[in-house]
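See below for the structure under consideration.
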Amino acid sequence: MSPEFATALAVFLPLFGAVGIALLDRHPNPRETVTLVTATALFLVVCSVAPAVYRGDEPAVHFLELVPHLSLALRVEPLGLLFALIASGLWIVTSVYSIGYMRGNNESHQTRFYVCFAVALSATMGVAFAANMLTLFIFYEVLTLSTYPLVAHKGTDEAKRGGRVYLGLLLSTSIGFLLLAMIWTWFSAGTLDFVNGGILRDTLDPSLLPLMLALYLFGIGKAALMPFHRWLPAAMVAPTPVSALLHAVAVVKAGVFSVAKVTIYIFGIDFLRDAEATTFMMWIAAFTLIAASLVAMTKDNLKARLAYSTVSQLAYITLGAMLVNTTALIGAGMHIATHAFGKITLFFCAGAIYLATHKTEISDMNGLGRAMPFTYGAMLIGALSIIGLPPLGGVWSKWYLAIGSLEAGQWAMLSVLFISSLLNIAYLLPIPIRGFFGQSSDRGETNAVREAPLPAVIALTFSALGCLVLFFFPGPLYRLMALVFAGQ
Amino acid sequence: MISAQLPALQVVLPLLAGPVCLLLHHPRLSWALATAVSWLAFFISLALLDQVLSSGTIVYALGGWAAPWGIEYRVDEINAFVLLIVSGISAITLAFARNSIEYEIRAERIHILYTGWMLCLTGLLGITITGDVFNVFVFLEIASLSSYLLISLSRDPRSLTAAFRYLVLGTIGATFILIGIALLYVMTGTLNMFDLSQRIAGVSDSRTVKTAFIFLSVGIALKAAVFPLHLWLPNAYAYAPSAVSALFAGTATKVAVYLLFRFFFTVFDPQFSFDVMQLDRLLLPLALVGVFVASVTAIFQTDVKRMLGYSSVAQIGYMVIGMSLVSVLGVTAGILHLFNHALMKAALFVVLGCVVFRIGSARLEDMAGIGRAMPWTAGAFVIGGLSLVGVPLTVGFISKWYLILAALEHGWWWLAALVLISSLLALVYIWRVIEVIYFQPPSDPSREIAEAPATLLIPTWLLIVANVYFGIDTSLTVGVAERAARLLMGDAS
Amino acid sequence: MEIFGLYNYWIVVVLMMIGLYVVVASGNLIKKIVGLNIFQTSVFILYISIGKLRGGTAPILLEEPAAYSNPLPHVLILTAIVVGVATTALGLALAVRIYGAYGTIEEEEIEEQEN
Amino acid sequence: MTATAIAVARIDQLFAAVMLFGIYSLLSAALFVVMDAVDVAFTEAAVGAGIAIILMLGALALTTREQRPVPRRRHWVALAVVVATGSGLIYGTLDMPSYGDPGAPAHLHVIPRYLNQSMAEIGIPNVVTSVLASYRGYDTLGEIVVIFTAAVGVIGRLGVAPEITALVKSGGMQHHLILRITAKLMLPLIMVFALYVQFHGDFGPGGGFQAGVIFASAFILYGLVFGLEDATKVAPPPVVHVIAAAGVLLFALVGVAGLFLGGNYLDYGVLADEPTKGQHLGIMLVELGVGMTVAASMISLFFAYASYKPEE
């Protein structure tokens, strides 16, 4: 299988899977088999592209020309590969988890759920491999649209309201700002291709640069910069597997991934640094970072707290991009990976707790850790990884981000990072601590609690292990990120 | 020999079919004839476009009398394109019409509907193809009278008042056009468009020509439902039979917008229209206000057909915005949107036809929960709606793309932003419907709703596929629109 | 400026405007149609005025050369008259049907019923 | 005239308004004669003062005769619209060539050919007919399509009831002996006159349209006097519809015949061996088509109004 074919296949494979799932509407077991097979196959396909990329190749596929000089095309570069690997790999884990969750919870419309999930994955692959901004934009919108039915899945008034906020914010920012920025870029540069060193250097008046940057960064609503972050907490009405894979990994990472892509390949980091255009957006990111952490502390609902934590963690990545130096961007890229593992673990745990006890508020979860040791163990690992303590993967990304801010001479940002890490401890650690040491008000009930269904436990154990692995073997990750800048 | 006569056949075939439909006096036979003739007209228009693209403007003297003494047909890139739109939409919606009309109209009136349909098609094609201003008026009246008839054929009594209101406003508009033609004739002594364009130059600073310009603009704008002269449109679309709404949405206002292009850019030259008369100063703000007011009004409609009517008013605003940018890019965007909007609105109205066919109403609350019972219909609505919003891979996106490029070319990024924001309003009114279709439980769960029959679904999906296809492969649409724009702007390069 | 050469047109304009006034102001559907007719008829007069040639005769060719008035506006207006009566017929038919459906042909009363 | 028009605007009695409009229409017909437009005058008299009035009265009979007075607000709105439009128009006339000016562009361009060449090219003295039927024959085709559309429209909206339940009582005015006899005397005369107008259009004022209207009015007279039932016996509505459609088809097919004989659409020159003969033939056929459609459409309009019965 040539890398080019594999690249194209990665986008289409989940779609084929979706068709298969739809056809097997009334047969749950074969249907879930299709999901698992597709997920595994997708991961293998993405892996098969990896060697070529590590060698420095960039497999490219050209589909068709939409408007003259503007094509639908794919091109795999290291950053995209990183994102695709994480998303497709975690899809397998999440599929296992969802089977346990959806059945354990007797959810309705399961076929629609799996179909939309597969379509969302296809879109994620498209975002990851897009060769130009237009292709990225198209898949970005497909991702929004295909996840909407997942968010509004329950069909209750609350779910519909959440769905409306979700879709409204994501589509309005992307159409209102991002599309405008894109067309402006095309108008100035005559292209939207992702090119090393950027395409705007000689074509855009530097005084307009901050405006353009703001349009892009706010336009990529999935990166959840304040004040356009409201969709993320709203999306928490979705079933937990959705929150786990999509709203901790695929969707939000598609956002920050796009931010990184735009920074590196549209603007070019040298151009941004020379023009000193990023200061404003950097402070917005810093503000989001701190503010979201503070809000997270006030949330008693577990998923809401995790959602705000995600908002804050995404701001790390945007901040890294806005520091515009290689080290910070490597840190940002690695944070995409490490946070993905950490946060998906936490969401898996939240779902497992809900499955086992139907509890959603942190204050009700005292003492559950003793009844659900696997779940709470995994949760502790996930939390520590996100806080950035060894021996967990989260250390590395924070390390590079910190170095990056020093390199940029941004002492203020360094302190923001530290303060935020302290805040992380303050809002994440109490959850496992209450679980293990808290006294439940209703002891009899707590004793009756068992672990969640086996598939769910397997999944969360696996992702927690992932956090550990990333600490001991960050090499491939780092090499991949370093490759991004090798050419520059 | 035939190929030389295509311009005449383009109009005469439907014209002949009209009376024959009446004579047939049979619902199915009339339908079959109308459909056959429509497809024939579509192929003729394809052939015409091909001829124009390969060998330039076609001039056809009716009666063998050369213009300006006789009436001539003059087919260039612009009207060849519009002919294609009109005949194409008619052909597809007719394929859809048979079942839908049989359901919505009393049997003894069906053949009259198809007679009217053919006459309307005759009128629209005639307006588009002709190179003579008075001939425009005559065919405009054919199209208008048959539209009043078609609208009023619906069973809903409100269609009568809608048709009457349209009749009064339409006649005022036509009379304004008539006055404009008189004033032009006084100053130039000719009725031929090409001849006019040459002779107006000599008298363009006279007050008479300026007045003529104003009267023609107002008259045609009334027909095109340009804001704020759109008041007749929403009810007319809402209460007409579904297939007829689809036909009108795809063709009638498009032809009027084409006429605006024709008058502003060919008969009067763009310099006169925009530099001397400063038309853009008036048109652009009006169009913008129109886009927003109509979109917001659409949001508050409870009848989805009416909602789409208001949406049409907004979309016409985009075309006018493109026009008033007075650049090759802007005009390209305008013409492109003419085509694209015809596709998306026809598609959406046809979808509503499917809905009405099964649930007997297009009111929002009655459509609750039909997403499950009618997955194909609902899916078509979603795609058509997204196209209206301007999501990539649909035609709507391509229109917006060019419109915004044109705005940026002027350095008017505020306009670009406003256009984008307005498409969010479209998102709101479309999403209201989608949410009700999919996520609201049916108001009457005991009622069994079946999916629309294949005879309705196939034409519907043809239109939907066209929406996607022309959103991906834009070589035809953009290519022709760009050539047309260059021609209109007098930019030969 | 030959102001006096234009008085004919001005009278026509006044007539037209009376017609237009009736259309806009009247709430009665049939009266509206009557107004439309006056409006249109006045436009016809405008056209025919354009065609008139001082000292001309009707454009029916005679053996000996003569000055003829312009026949083209006549042709156009023949067409326009037909168009006008066609519109009138259809408009009135609609009005009759509206009366059948609503029991009135006053615009305001119809609107009240529709809402 | 102005007085009549203003009276129409002020009066609330619809019946009177319609009658006044009839007078207005006749006055303008007279004006047309003064301005050398005899053909137009002929038509305006027949249509404006004839058919249109009959239609309006028919509509009044089927609805109501009183109008509610115009509310004040509307009055001002209308006045504003009118003043704006009117002053615009007056402004526009300021640069117009003065009335009857032989130097006006309208008399210098295009027209000379009609006046000087039409005898040679078409061979009939009435230039109006030449232009109407040949040079701009296509407009005329459009025109009869319009009237046909209207007829279809009225039939479609009002419908012709199978058993005629007439507003005009089926007995008509049969008991008026004088009326009946006058009518019987008049009818043949009117019909002959109609035929004369139909075929004399080449030489004097007249032609298919006027003839059609006259023919139709003769028929309407018959219907009014002898009752609708008798009238429909003479001319059953389906037949009338067929004639209306056939007229349009005739006209359009004459054009198609031109196509087959190697000319352009509506080129009559190729219909016979000599161009002028062809033109003659073509114009005669086309005028016949016009006459048929107009007469039949007018009659079916009359039927539709006369037989209308509100549903349920």
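Chains as they are written, first to last, in the working numbering: chain A, 14 to 501; chain B, 566 to 1058; chain C, 437 to 551; chain D, 3 to 314.
Positions of the beta carbon are idealized from the N, C-alpha and C atoms, including for glycine.
Which listed residue (the options) has its alpha carbon closest to that of residue i
i, options, result
"Val1 of chain D", "D:Met21, D:Ala7, D:Gly139 and D:Tyr26", "No statement about residue 1 of chain D is possible, as the shown extent of chain D runs from 3 to 314 and does not include it."
"Ala106 of chain D", "C:Val479, C:Thr524, C:Thr523 and C:Lys488", "C:Lys488"
"Thr959 of chain B", "B:Leu983, B:Gln836 and B:Ala912", "B:Ala912"
"Val993 of chain B", "B:Trp979, B:Leu951 and B:Gly681", "B:Leu951"
"Thr524 of chain C", "D:Gly52, D:Leu252 and D:Ala32", "D:Gly52"
"Leu430 of chain A", "A:Thr253, A:Tyr329 and A:Met494", "A:Tyr329"
"Gly936 of chain B", "B:Ala898, B:Ala1017 and B:Gly882", "B:Ala1017"
"Pro35 of chain A", "A:Tyr321, A:Val164, A:Val265 and A:Gln123", "According to the sequence provided, residue 35 of chain A is Ala. The question's Pro does not apply to it. Checking every option, the nearest Cα to that of Ala35 of chain A belongs to A:Gln123."
"Ile481 of chain C", "B:Thr740, B:Gly887, B:Gly1055 and B:Thr818", "B:Thr740"
"Pro167 of chain A", "A:Leu180, A:Ile212 and A:Met249", "One detail in the question is off: residue 167 of chain A reads as Lys in this sequence, not Pro. If we check each option's Cα against that of Lys167 of chain A, A:Met249 comes out closest."
For residue i, three-class secondary structure by DSSP
i, result
"Ala695 of chain B", "Per the sequence shown, residue 695 of chain B should be read as Thr rather than Ala. Correct three-state label for Thr695 of chain B: strand."
"Arg88 of chain A", "strand"
"Ile496 of chain C", "strand"
"Leu77 of chain A", "strand"
"Tyr625 of chain B", "strand"
"Gln843 of chain B", "coil"
"Ala927 of chain B", "coil"
"Tyr153 of chain A", "helix"
"Asn506 of chain C", "coil"
"Glu637 of chain B", "strand"
7 Å Cβ cutoff, residue i in contact with chain D
i, result
"Val521 of chain C", "yes"
"Ala461 of chain C", "yes"
Within 7 Å, strictly: CB atoms of residue i and residue j
i, j, result
"Ala353 of chain A", "Leu473 of chain A", "no"
"Thr112 of chain A", "Ala350 of chain A", "For the record, residue 112 of chain A in the displayed sequence is Ile; it is not Thr. Contact: no."
"Val112 of chain D", "His510 of chain C", "no"
"Gly492 of chain C", "Asp38 of chain D", "yes"
"Ile746 of chain B", "Asn700 of chain B", "no"
"Ser108 of chain A", "Leu49 of chain A", "yes"
"Leu578 of chain B", "Leu611 of chain B", "no"
"Gly407 of chain A", "Ser398 of chain A", "yes"
"Leu684 of chain B", "Thr151 of chain D", "yes"
"Val896 of chain B", "Ala1050 of chain B", "yes"
"Gly249 of chain D", "Gly291 of chain D", "yes"
Identity of the residues DSSP links to residue i by a beta bridge
i, result
"Arg490 of chain C", "According to DSSP, Arg490 of chain C bridges with nothing at all."
"Glu542 of chain C", "C:Asn464"
is_contact[residue i, chain B] using C-beta, thresh 7 Å
i, result
"Tyr310 of chain D", "no"
"Leu512 of chain C", "yes"
"Met437 of chain C", "In this prediction, Met437 of chain C has a pLDDT of 40, which is less than 50 and means its spatial position is unreliable; what the coordinates show is noted afterwards. No, no contact with chain B."
"Trp197 of chain A", "yes"
"Lys173 of chain A", "yes"
"Leu263 of chain D", "no"
"Gly527 of chain C", "yes"
"Glu544 of chain C", "no"
"Leu530 of chain C", "yes"
Proximity test, Cβ basis, 7 Å: residue i and chain C
i, result
"Pro722 of chain B", "yes"
"Glu637 of chain B", "no"
Residue-level contact to chain A via CB, residue i, 7 Å cutoff
i, result
"Thr897 of chain B", "no"
Closer than 6 Å: residue i CB and nearest the ligand FMN heavy atom
i, result
"Leu812 of chain B", "In the structure shown, the ligand FMN is absent, as is every other ligand, since no ligand is present at all."
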